[in-house]
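Enquirer: Starting off with a structure, shown below.
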Amino acid sequence: MSLNLNTTLQAVAIRIQMQSLVTVCSLYLPPSERISQTDLNNLISQLPSPFIILGDLNGHSPFWGSADSNSRGLQIEQLLADHNLCLLNSDQKTHFHLPTRTFHSIDLAISSPSLLPFLNLTVDNDLYNSDHFPLIVMDNRRNPSNSYRPPKYILNAANWEKFTSLSNINSETIKSSSIEQALSYIVNTIIEAADNSIPKTLGKRRKQSKPWWNADCRQAYKKQRKAWDIFRRYPTTENFINFKKTRAESRRIQRRSRRASWRKFVSSITSTISSRHLWTKVKKASGIYNSNAISVIIHNGQTISSLKGIADSIASALAHTSSSQNYPQQVLNHKINTEKQKLNFNSRTNFSYNSNFSFLEFQSCLASVQDSSPGPDSITYSMIKHLTTESQAALLNFYNRIWQEQCFPTQWQQAIIIPLLKPGKDPKNPSNYRPIALTCCLCKLLERMINRRLMHYLEANKSLHPSQSGFRKGRSTIDNLLALETDIRLAFLQRKHLVAIFFDIEKAYDRTWRYGILKDLHDLGLRGNLPIFIKNFLQLRKFRVKVESEFSDFFIQEEGVPQGSVLSVTLFILKINNILKQLPTSVRGYLYVDDLYISCTGTNMNFIQRQLQTAVNNITQWCDSNGFTISTSKTAGVHFCRKRNLHLDPEIKLYGEDIKFVNEIRFLGVTFDKKLSFLSHVKQLRKKCESALNILKVLSTTAWGADRVSMLKIYRATVLSKLEYGCTIYGSARKSVLQKLDPVHHIALRLCSGAFRTSPVKSLYVDCYEPALELKRQMLSLHYYFRIQSNTNHPFHDFKLRPFLLRLQDARKSFIPVFFTRVHDILSDFNLLYLHVTPQPKTTFPPWGIPVVQFLNPFQTFIKSDTADIIYQQIFIDHRQEYDDFIAIYTDGSKSADHVSFAVVFPNTTFSVKLHSSCSVFTAETAAVLLALEKISDCLERKFIIYTDSLSVLESLKSFYMHSHHHPLVLNVLHLLNKLASRDFNILLCWVPSHVGIVGNEKADKAAKLATAPTNSSTPLTDFKKYTKLLFYTKWQRQWDTETDNKLHSVKPHVQPWPSLTTRKADTLLTRLRVGHTRYTHRHLLLGEQTPMCSQCSCSMSVKHILSECPTFNSQRLKFFKTNSVDVSLLLGKTPHVNLFAFLRSIGFYPHI
107 MSLNLNTTLQ
117 AVAIRIQMQS
127 LVTVCSLYLP
137 PSERISQTDL
147 NNLISQLPSP
157 FIILGDLNGH
167 SPFWGSADSN
177 SRGLQIEQLL
187 ADHNLCLLNS
197 DQKTHFHLPT
207 RTFHSIDLAI
217 SSPSLLPFLN
227 LTVDNDLYNS
237 DHFPLIVMDN
247 RRNPSNSYRP
257 PKYILNAANW
267 EKFTSLSNIN
277 SETIKSSSIE
287 QALSYIVNTI
297 IEAADNSIPK
307 TLGKRRKQSK
317 PWWNADCRQA
327 YKKQRKAWDI
337 FRRYPTTENF
347 INFKKTRAES
357 RRIQRRSRRA
367 SWRKFVSSIT
377 STISSRHLWT
387 KVKKASGIYN
397 SNAISVIIHN
407 GQTISSLKGI
417 ADSIASALAH
427 TSSSQNYPQQ
437 VLNHKINTEK
447 QKLNFNSRTN
457 FSYNSNFSFL
467 EFQSCLASVQ
477 DSSPGPDSIT
487 YSMIKHLTTE
497 SQAALLNFYN
507 RIWQEQCFPT
517 QWQQAIIIPL
527 LKPGKDPKNP
537 SNYRPIALTC
547 CLCKLLERMI
557 NRRLMHYLEA
567 NKSLHPSQSG
577 FRKGRSTIDN
587 LLALETDIRL
597 AFLQRKHLVA
607 IFFDIEKAYD
617 RTWRYGILKD
627 LHDLGLRGNL
637 PIFIKNFLQL
647 RKFRVKVESE
657 FSDFFIQEEG
667 VPQGSVLSVT
677 LFILKINNIL
687 KQLPTSVRGY
697 LYVDDLYISC
707 TGTNMNFIQR
717 QLQTAVNNIT
727 QWCDSNGFTI
737 STSKTAGVHF
747 CRKRNLHLDP
757 EIKLYGEDIK
767 FVNEIRFLGV
777 TFDKKLSFLS
787 HVKQLRKKCE
797 SALNILKVLS
807 TTAWGADRVS
817 MLKIYRATVL
827 SKLEYGCTIY
837 GSARKSVLQK
847 LDPVHHIALR
857 LCSGAFRTSP
867 VKSLYVDCYE
877 PALELKRQML
887 SLHYYFRIQS
897 NTNHPFHDFK
907 LRPFLLRLQD
917 ARKSFIPVFF
927 TRVHDILSDF
937 NLLYLHVTPQ
947 PKTTFPPWGI
957 PVVQFLNPFQ
967 TFIKSDTADI
977 IYQQIFIDHR
987 QEYDDFIAIY
997 TDGSKSADHV
1007 SFAVVFPNTT
1017 FSVKLHSSCS
1027 VFTAETAAVL
1037 LALEKISDCL
1047 ERKFIIYTDS
1057 LSVLESLKSF
1067 YMHSHHHPLV
1077 LNVLHLLNKL
1087 ASRDFNILLC
1097 WVPSHVGIVG
1107 NEKADKAAKL
1117 ATAPTNSSTP
1127 LTDFKKYTKL
1137 LFYTKWQRQW
1147 DTETDNKLHS
1157 VKPHVQPWPS
1167 LTTRKADTLL
1177 TRLRVGHTRY
1187 THRHLLLGEQ
1197 TPMCSQCSCS
1207 MSVKHILSEC
1217 PTFNSQRLKF
1227 FKTNSVDVSL
1237 LLGKTPHVNL
1247 FAFLRSIGFY
1257 PHI
């Protein structure tokens, strides 16, 4: 069916029936003709939704694969943003320009968001005697995929009580059996219990199911079909009405189920979720499943289509990757000769790291794991967590047998590999699949305990190079980015050159030399159970590849660290650690696992070239001796320099070939260009975020996923997290560069809130309670700076610019300062220069020496709200009689709006201390206990009992081993308790209820509130983050206070979160009314029309005029609001007027908002 379009553009449109009616528009925009944005907007307004626009638009933009942008490209970008349209193109070339023999991306496919999950765009490779490649748009709904789904346990439907009662592991059986028999017994016991208490999927090819489809949907649909069958047999009016009622009820239940299912999923997402994973969920909710089925593989020139053959081909390719035959002959000869020297890890010395694992260690590691796919034994972490304490203790005994008997189960040496095609790679090539290894959770739990011991030993003995940031506590990729950016900024400041070389190590994990790992452990002095376990762990690793229901044969992984293992990363960073020790003193180097860069600064390029060549030679020599190979094709250098005159790049050779020098390079997710403008990074980041915004565009058109809370959470997880990553580094770019990211933020907030396209951005910030990106960057910079200050082992902890560099920085204002100077300016603006963060203790408890803290609670059986004070007082008197030989000390913390303090009451003395207002009451309570212990350490008496009314402090001390991030004062309390215990002090902790008349507690509470004596104590990092967030939001409030002309300001004068309405449409309408920009009042700005005028008042129409001023609607105001004088802020406030929408319907304004 053709459509008549009222437009001057070269456009035709038809409507075709797919799953529903879809409008298809063919559009041509001549390159030399000036096109009005208003004409484009008018065209869009005439196309019935949903629609697809295809055609030669002659626009260039990096968003669809062009090198740069032209004015037409910017127009199309604006069109996409204004109308929330989705671009199907990626970076495919669609046009061949014969005169210049170049390829371009000018043919575009644009769709409504509701169609995007169902469409795929491909570009044909044949021109067919044209200069444009055909665009092929496919509807996925026409090609349902019935891929194989393996049987698995449905953990959400598990009867865990039944599982716990059935899965009893007997310690005596474990003790009396061999290691292999004991493991089989444990696995069989758990799996047998699981089979009887946890339902399983069928594990066969089946039609696609929707994840939200449940029993209620099934029952409602059954009633609908029954009503239809009755109507078909007896077509009466009554039966027809009954059918329509059951159909409406079925649809309502399905919408409710979809919405509930989606919200449950959204509540579980974090910033680590990938856009790809989220897209998969959106498509599943829409009824579209991606198929990862492998149809055919070409191996050694043969085409293989059987599942077993495909699995064997991929397994063979993976085994070849880890084969020692891949080493160069020189390296292989060195390897063979070196391995003749046997390593003896036996020792008569009982090192503490070889002691048996404690139950606290076991519980701590089990609490830290998250559910992952099970290994060959089908046991999940959830099953282990739901074992009884006795069964867990029996499992721990089994672990300790493996540890002490130095025997590794053969079943744990096996892995199942699930092959996933690498993005953009040929699926027929078996080498193009990324292996996802599934290993036994029972083994990974033991690995986790051993890994903690190994990491503690390496950190305590300072065995790891300080410039290695990978997988170390308190370190991150940002540390390496900061090091590089700081060196470049300082080089620019001194008008020097900085040359950096970024290395790529070929198949680093798969070809790590196992004997080399063991030799490094031996050289570090490790002996006994720990290195012997690792030796057994690395031996005879086997794997099978699984393709749908078929397994390959077993293949050997000859070298490399095992895929999917907890220990693997630690062993790798240990092996590669010494590469940084090969550098000359004038060359700096930093590692993040296997991402290595080296740099050299100077004014003389010949000097830089000599130093870097020496470093490269040393690195390659070390690699030859340790089994690593550096890729000559992927290793690259960048010559960072701001000097205007021509400077040639240095000539540095790697394996006899020149290292290529490029203008920009992507390092740890951030693109560094040679001028350090970060313009390339910002452009690439915006392109990545624009693509991720399509998820929000799709969700905004659905009834089940468009609520504001869910969309904001998705935005923060998938888009904002990308903008925030590395912003402490790229945030040093010029303001004009950073502003290119703002449209992403603004579009996302409009999508989440449903605000009209013309809404002011400052209104969007306040309405969504999401600050501007600039404010966020400053806040995150402060957080990162103080995280560095809290970690005394951080390489930048003591960073200070030398005086002459400070003078130079002050003199050369045009040069962007280093990170620490930028942060200093922010601290100065917020008057925070005097504030110091509490450092983490330098010494930590070893995993085998986790402190055990218990506390007394004689009141635990009583509920405070139901218990009279006199009862608590009597219980405490009885308690004191039992412990009358212990000296009683009372502590308490207090926090008000601008006052934080604590007090410690001894029998004859009271200490009151005032803390900084940024500290939390938890910090105050913990500081009080710490001060009490410090005072006790100077006493001659040995028996004390400390009373505190903070149960959270006592629980933190008791469950210290369960948390990975520890409050520094809690650690200090534990250290002091251990120290005092070693000096024969007997110190008890006891909880008492507050404000029930216990004299000592009341005295401590009063003393804390009256404390005036300040202390030089610092602020813990967690408190500092909350405090700085408060300061930034206060600054935001001050900025908002100046926006008196903003329409939203009169409705929402305070920056704070407001609840959203239950339905998307009502929430969107309310947002537009609050912001003051609606389709009726501001559509003219997009379509080039005249401002709508009020015929009675002869003034421009506005939301305020319609709601409260125009006398035309006085009778309706009186009817719905009981008054003619209406305050807009009361109508549209935090809780909108109950008759607001009824009033809008009665005056006919509702459908035009």
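Residue numbers in the sequence shown follow the working numbering, run continuously in steps of one, and reach 1259 at the last position.
The beta-carbon is built from N, C-alpha and C at its ideal position, and this holds for glycine as well.
#1: Let me make sure I understand the geometry here. Which of 785, 159, 1076 has the alpha-carbon closest to that of residue 945?
#2: Within 10 Å of its beta-carbon, does residue 876 have 16 or more other beta-carbons around it, so buried, or fewer, so exposed?
#3: Assuming residue 759 contacts residue 727 under a Cβ cut-off of 8 Å, what Cβ separation, rounded to an integer in Å, is found between them?
#4: Among 996, 1248, 1049, 595, which has the Cα closest to the Cα of residue 990?
#5: If we count Cβ pairs, one from each stretch, closer than 8 Å, do we get three or more for the segment 624-642 versus the segment 451-465?
#6: Quick one: what's got a C-beta closer than 6 Å to residue 121's C-beta in the same chain, skipping five residues either side?
#7: The beta strand (DSSP E) with residue 217 in it runs from where to where?
#8: Would you check if the segment 600-618 and the segment 930-947 touch, i.e. whether three or more CB-CB distances between them fall below 8 Å?
#9: Along the chain, where does the alpha helix (DSSP H) containing residue 107 start, and where does it finish?
#10: What would DSSP say about residue 768, mapped onto helix, strand or coil?
#11: Judging by CA-CA distance, which residue of 135, 1196, 1208, 1124 is the nearest neighbour of residue 1180?
#12: In whole angstroms, what is the alpha-carbon distance linking residue 306 and residue 269?
#13: In whole angstroms, give me the CA-to-CA distance for residue 415 and residue 564.
#14: Counting along the chain, where does the beta strand (DSSP E) carrying residue 706 start and finish?
#15: With a 10 Å radius around its C-beta and 16 neighbouring C-beta atoms as the bar for buried, classify residue 1221 as buried or exposed.
#16: Span of the beta strand (DSSP E) holding residue 606?
#17: So is residue 917 buried or exposed if we call it buried at 16+ other beta carbons inside 10 Å?
#18: Express the C-alpha separation of residue 594 and residue 696 in angstroms, rounding to a whole number.
#19: Does the beta-carbon of residue 244 have 16 or more other beta-carbons within 10 angstroms, so that it is buried, or is it exposed?
#20: For the segment 491-503 against the segment 452-470, do three or more pairs of beta-carbon atoms, one drawn from each stretch, fall closer than 8 Å, so that the two count as touching?
#21: Report the CB separation of residue 799 from residue 858 in whole angstroms; it is logged as a contact under 8 Å.
#22: Assuming residue 649 and residue 661 form a contact by the criterion Cβ under 8 Å, report the distance between their Cβ atoms to the nearest whole angstrom.
#23: Let me check understanding here. Comparing Cα to Cα, which of 1096, 1025, 1010 lies closest to residue 1114?
#24: Please confirm whether residue 1053 and residue 996 have their CB atoms less than 8 Å apart.
#25: Let's see if you can read the secondary structure: which residues bound the beta strand (DSSP E) around residue 244?
#26: What are the start and end residues of the alpha helix (DSSP H) that includes residue 1211?
#27: Smallest Cα separation from residue 355: which of 1061, 331, 297?
#28: Based on DSSP bridge pairs, tell me the residues matched to residue 161.
#29: Between the segment 1146-1161 and the segment 836-847, are three or more C-beta pairs nearer than 8 Å?
#30: Pop quiz: residue 257 and residue 420 are said to be a contact at Cβ under 8 Å. What is the actual Cβ separation, rounded to whole angstroms?
#31: Please give me, in chain order, every unbroken run of the beta strand (DSSP E) with length at least 3 that falls completely inside the segment 847-896.
#32: Looking at the secondary structure, which residues open and close the alpha helix (DSSP H) in which residue 983 lies?
#33: Using DSSP bridges, identify the partner residues of residue 763.
#34: Please state whether the Cβ-Cβ distance between residue 704 and residue 776 is less than 8 Å.
#35: Can you check whether the CB of residue 1166 is closer than 8 Å to the CB of residue 1234?
#36: Distance check for residue 1073 and residue 1082, CA to CA, integer angstroms please.
Expert: In brief:
#1: 1076
#2: buried
#3: Not a contact, Cβ separation roughly 13 Å.
#4: 1049
#5: yes
#6: 107, 127, 129
#7: 213-217
#8: no
#9: Unbroken run through residue 107: none, as it is neither H nor E.
#10: coil
#11: 1208
#12: 14 Å
#13: 44 Å
#14: 701-708
#15: exposed
#16: 603-609
#17: exposed
#18: 14 Å
#19: exposed
#20: yes
#21: Not a contact, Cβ separation roughly 11 Å.
#22: 6 Å
#23: 1010
#24: yes
#25: 241-245
#26: Segment: none, residue 1211 is in no alpha helix (DSSP H) and carries neither H nor E.
#27: 331
#28: 214
#29: no
#30: The Cβ separation is near 22 Å, so there is no contact.
#31: none
#32: 975-988
#33: 760
#34: no
#35: no
#36: 15 Å
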